[in-house]
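To start, the structure itself, in structure tokens.
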Amino acid sequence: MTSNIYPVTKAVKNHALIDQAKYQKWYQQSVEDPDKFWGKHGKRIDWFKPYTKVKNT
9 MTSNIYPVTK AVKNHALIDQ AKYQKWYQQS VEDPDKFWGK HGKRIDWFKP YTKVKNT
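In terms of the numbering used here, the sequence shown is residues 9 to 65.
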């Protein structure tokens, strides 16, 4: 099976929510302290019932 790599178009890149630098930063944070990372990002979601525990599974 051959894997093709398609470049990101300028239109998609201009409307992306994060860039490569932010992705790398978030990835590093998620690896170094997953509970803190997901606790922070979990607050960005509207939950029916707020979560009370963050668990690295």
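In this text, a Cβ means the ideal position worked out from N, Cα and C, and glycines have one as well.
Please read these numbers as outputs of a predicted model, since none were measured by experiment.
> Who are the near neighbours of F45 in its chain, counting only those whose CB is closer than 7 Å to its CB and skipping five residues on each side?
Replying inline: Cβ within range, chain order: Q37 and S38.
> Which residues in the same chain as L2 place their Cβ atom closer than 8 Å to its Cβ, once the five residues preceding and following it in sequence are excluded?
Replying inline: Because the chain is modelled from 9 through 65, residue 2 falls outside the range shown and cannot be assessed.
> How about D43 and V62: do their beta carbons lie closer than 8 Å?
Replying inline: Result yes, Cβ atoms of D43 and V62 sit closer than 8 Å.
> Sorted by chain position, which residues of the same chain lie with C-beta nearer than 8 Å to G47's C-beta, five sequence neighbours on each side aside?
Replying inline: Taking G47 as the centre and dropping the five residues before and after it, the same chain places the C-beta of V62 closer than 8 Å to its C-beta, in chain order.
> By Cβ distance, which residues of its chain are closer than 8 Å to Y59, with the 5 residues on each side in sequence left out?
Replying inline: Excluding positions up to five away in sequence, the list reads G50.
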